[in-house]
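A quick write-up on the structure given underneath.
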Amino acid sequence: MNSNTTKFSDKHCGDDINARLAANFRSIGHTLRSMREGRGSQTHILVMLTKNDGLTQSALTEMLGIQPGSASEVLAKLDSAGLITRSVNASDKRTSDIHLTDDGRKKAEEAVMQRHKRQERMFSCLSDSEKQQLLSLLEKLNSAWDEEFPDERKRRGGHLRGHGKARSGEASSRSDS
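Residues in the sequence shown are numbered from 379 upward in steps of one, following our numbering.
As C-alpha coordinates, this is what we get:
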(Lines of atoms letter the chains of each structure in order from A and count residues from 1; the text may use other names and numbers.)
(Lines give C-alpha, C1' and ligand atoms only; values in the text may rest on other atoms or scores of the structure.)
Protein backbone atom coordinates (compact mmCIF):
# COMPACT_ATOMS: atom_id res chain seq x y z
CA MET A 1 0.00 0.00 0.00
CA ASN A 2 1.45 3.39 -0.88
CA SER A 3 1.75 6.17 1.66
CA ASN A 4 -0.92 8.34 -0.02
CA THR A 5 -3.55 5.63 0.44
CA THR A 6 -2.53 5.08 4.04
CA LYS A 7 -2.66 8.79 4.80
CA PHE A 8 -6.05 9.11 3.10
CA SER A 9 -7.74 6.29 4.98
CA ASP A 10 -6.02 7.12 8.29
CA LYS A 11 -6.97 10.77 8.03
CA HIS A 12 -10.64 10.13 7.29
CA CYS A 13 -11.29 6.91 9.17
CA GLY A 14 -8.80 6.49 11.96
CA ASP A 15 -8.46 2.93 13.22
CA ASP A 16 -11.89 1.67 12.04
CA ILE A 17 -10.90 -1.05 9.54
CA ASN A 18 -14.36 -1.20 7.92
CA ALA A 19 -14.41 2.56 7.41
CA ARG A 20 -10.91 2.40 5.92
CA LEU A 21 -11.97 -0.39 3.55
CA ALA A 22 -15.05 1.58 2.48
CA ALA A 23 -12.99 4.74 1.98
CA ASN A 24 -10.52 2.86 -0.18
CA PHE A 25 -13.34 1.32 -2.25
CA ARG A 26 -14.79 4.80 -2.80
CA SER A 27 -11.40 6.16 -3.81
CA ILE A 28 -10.80 3.26 -6.19
CA GLY A 29 -14.30 3.71 -7.65
CA HIS A 30 -13.64 7.39 -8.34
CA THR A 31 -10.33 6.52 -9.98
CA LEU A 32 -11.91 3.83 -12.16
CA ARG A 33 -14.68 6.18 -13.30
CA SER A 34 -12.18 8.91 -14.18
CA MET A 35 -10.08 6.41 -16.17
CA ARG A 36 -12.95 5.40 -18.44
CA GLU A 37 -12.45 6.75 -21.90
CA GLY A 38 -15.05 7.49 -24.53
CA ARG A 39 -18.70 6.68 -24.41
CA GLY A 40 -19.14 3.65 -22.16
CA SER A 41 -22.44 2.36 -23.57
CA GLN A 42 -21.44 2.93 -27.16
CA THR A 43 -18.06 1.27 -26.72
CA HIS A 44 -19.60 -1.62 -24.78
CA ILE A 45 -22.08 -2.28 -27.61
CA LEU A 46 -19.35 -2.14 -30.26
CA VAL A 47 -17.19 -4.61 -28.32
CA MET A 48 -20.18 -6.88 -27.72
CA LEU A 49 -20.96 -6.90 -31.45
CA THR A 50 -17.41 -8.05 -32.26
CA LYS A 51 -18.29 -11.25 -30.41
CA ASN A 52 -21.97 -11.44 -31.44
CA ASP A 53 -22.39 -9.67 -34.79
CA GLY A 54 -25.97 -9.65 -36.01
CA LEU A 55 -27.67 -9.45 -32.61
CA THR A 56 -31.20 -8.13 -32.53
CA GLN A 57 -31.85 -4.95 -30.59
CA SER A 58 -33.93 -6.87 -28.04
CA ALA A 59 -31.15 -9.43 -27.49
CA LEU A 60 -28.62 -6.64 -27.10
CA THR A 61 -30.89 -4.81 -24.65
CA GLU A 62 -31.28 -7.96 -22.56
CA MET A 63 -27.56 -8.76 -22.58
CA LEU A 64 -26.67 -5.23 -21.49
CA GLY A 65 -29.42 -5.01 -18.89
CA ILE A 66 -30.59 -1.63 -20.16
CA GLN A 67 -33.97 -0.18 -21.07
CA PRO A 68 -35.11 -0.52 -24.72
CA GLY A 69 -35.31 3.28 -25.06
CA SER A 70 -31.71 3.65 -23.90
CA ALA A 71 -30.58 1.01 -26.39
CA SER A 72 -32.47 2.77 -29.21
CA GLU A 73 -30.79 6.06 -28.38
CA VAL A 74 -27.28 4.58 -28.28
CA LEU A 75 -27.84 2.55 -31.46
CA ALA A 76 -29.12 5.65 -33.28
CA LYS A 77 -25.89 7.48 -32.36
CA LEU A 78 -23.75 4.54 -33.49
CA ASP A 79 -25.73 4.30 -36.73
CA SER A 80 -25.41 8.02 -37.49
CA ALA A 81 -21.65 7.79 -36.78
CA GLY A 82 -21.37 5.01 -39.36
CA LEU A 83 -20.24 2.42 -36.81
CA ILE A 84 -23.17 0.00 -37.18
CA THR A 85 -25.78 -0.93 -39.76
CA ARG A 86 -29.22 -2.37 -39.21
CA SER A 87 -30.92 -4.90 -41.44
CA VAL A 88 -34.35 -6.51 -41.26
CA ASN A 89 -34.28 -9.81 -39.38
CA ALA A 90 -35.01 -12.72 -41.73
CA SER A 91 -37.35 -14.54 -39.33
CA ASP A 92 -39.09 -11.49 -37.80
CA LYS A 93 -39.57 -8.51 -40.09
CA ARG A 94 -40.42 -6.29 -37.09
CA THR A 95 -36.90 -6.73 -35.73
CA SER A 96 -33.53 -5.44 -36.91
CA ASP A 97 -30.22 -7.26 -36.84
CA ILE A 98 -27.32 -5.03 -35.84
CA HIS A 99 -23.96 -5.36 -37.58
CA LEU A 100 -20.64 -3.59 -37.19
CA THR A 101 -19.23 -1.61 -40.07
CA ASP A 102 -15.50 -1.76 -40.75
CA ASP A 103 -15.12 1.53 -38.87
CA GLY A 104 -17.15 0.13 -35.97
CA ARG A 105 -14.98 -2.97 -35.81
CA LYS A 106 -11.80 -0.84 -35.80
CA LYS A 107 -13.16 1.36 -33.02
CA ALA A 108 -14.09 -1.73 -30.96
CA GLU A 109 -10.65 -3.27 -31.46
CA GLU A 110 -9.00 0.00 -30.39
CA ALA A 111 -11.21 0.12 -27.30
CA VAL A 112 -10.28 -3.44 -26.32
CA MET A 113 -6.59 -2.69 -26.80
CA GLN A 114 -6.86 0.49 -24.70
CA ARG A 115 -8.78 -1.37 -21.99
CA HIS A 116 -6.08 -4.06 -21.78
CA LYS A 117 -3.35 -1.41 -21.51
CA ARG A 118 -5.32 0.43 -18.83
CA GLN A 119 -5.88 -2.78 -16.86
CA GLU A 120 -2.20 -3.71 -17.04
CA ARG A 121 -1.30 -0.25 -15.77
CA MET A 122 -3.91 -0.37 -13.00
CA PHE A 123 -2.50 -3.55 -11.50
CA SER A 124 1.18 -3.13 -12.35
CA CYS A 125 2.04 -2.47 -8.69
CA LEU A 126 0.90 -6.00 -7.74
CA SER A 127 2.75 -9.27 -8.24
CA ASP A 128 0.91 -12.15 -9.91
CA SER A 129 0.44 -13.73 -6.49
CA GLU A 130 -1.00 -10.52 -5.06
CA LYS A 131 -3.34 -10.18 -8.04
CA GLN A 132 -4.61 -13.71 -7.43
CA GLN A 133 -5.13 -13.00 -3.72
CA LEU A 134 -6.99 -9.78 -4.50
CA LEU A 135 -9.15 -11.53 -7.10
CA SER A 136 -10.07 -14.29 -4.65
CA LEU A 137 -11.01 -11.78 -1.97
CA LEU A 138 -13.04 -9.62 -4.34
CA GLU A 139 -14.91 -12.63 -5.75
CA LYS A 140 -15.69 -13.75 -2.20
CA LEU A 141 -16.91 -10.26 -1.33
CA ASN A 142 -19.01 -9.97 -4.51
CA SER A 143 -20.60 -13.34 -3.88
CA ALA A 144 -21.45 -12.44 -0.29
CA TRP A 145 -22.82 -9.05 -1.35
CA ASP A 146 -25.02 -10.68 -4.00
CA GLU A 147 -26.64 -12.71 -1.22
CA GLU A 148 -26.67 -9.90 1.34
CA PHE A 149 -27.97 -7.21 -1.04
CA PRO A 150 -30.12 -9.02 -3.68
CA ASP A 151 -31.99 -5.84 -4.62
CA GLU A 152 -28.73 -4.24 -5.72
CA ARG A 153 -28.43 -6.59 -8.72
CA LYS A 154 -31.98 -5.67 -9.74
CA ARG A 155 -31.11 -1.98 -9.44
CA ARG A 156 -28.10 -2.53 -11.68
CA GLY A 157 -30.34 -4.08 -14.33
CA GLY A 158 -29.32 -7.65 -13.56
CA HIS A 159 -25.67 -7.09 -14.40
CA LEU A 160 -23.49 -9.83 -13.04
CA ARG A 161 -20.42 -8.91 -11.11
CA GLY A 162 -17.43 -10.62 -12.61
CA HIS A 163 -18.22 -9.47 -16.13
CA GLY A 164 -19.48 -12.57 -17.82
CA LYS A 165 -18.56 -15.04 -15.12
CA ALA A 166 -21.79 -16.80 -14.22
CA ARG A 167 -22.61 -17.09 -10.53
CA SER A 168 -24.91 -19.51 -8.77
CA GLY A 169 -25.89 -21.31 -11.97
CA GLU A 170 -26.89 -18.13 -13.81
CA ALA A 171 -26.17 -17.90 -17.48
CA SER A 172 -23.44 -15.52 -18.48
CA SER A 173 -25.08 -12.50 -20.02
CA ARG A 174 -22.43 -9.85 -20.11
CA SER A 175 -19.10 -9.41 -21.79
CA ASP A 176 -16.28 -7.77 -19.89
CA SER A 177 -16.08 -4.04 -19.93
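Even for Gly, the Cβ is constructed at its ideal location relative to N, Cα and C.
Item to complete: Return helix, strand or coil for G392, following the three-state DSSP convention.
Response: coil
Worksheet entry | Between the CA atoms of E508 and R483 - distance to the nearest angstrom | 35 Å
Worksheet item: For L478 versus D431, is the C-beta distance shorter than 8 Å?
Response: yes
Practice prompt. Note down the Cα distance separating K596 from F403, rounded to an integer number of angstroms.
Written response: What is shown of the chain runs 379 to 555, which leaves residue 596 out entirely.
Worksheet item: What are the start and end residues of each continuous beta strand (DSSP E) run of 3 or more residues lying completely inside the region 438-495, in chain order?
Response: 462-466, 474-478
Worksheet entry | Cross-strand partners of L433 (DSSP beta bridge) | I476
Fill in: First through last residue of the alpha helix (DSSP H) which encompasses L519
506-526
Worksheet item: Is R414 helix, strand or coil by DSSP?
Response: coil
Discussion item. Here's a check: name, in chain order, each residue in its chain whose Cβ is nearer than 6 Å to the Cβ of A486, leaving out the five neighbours to either side.
Written reply: L424, V425, T428
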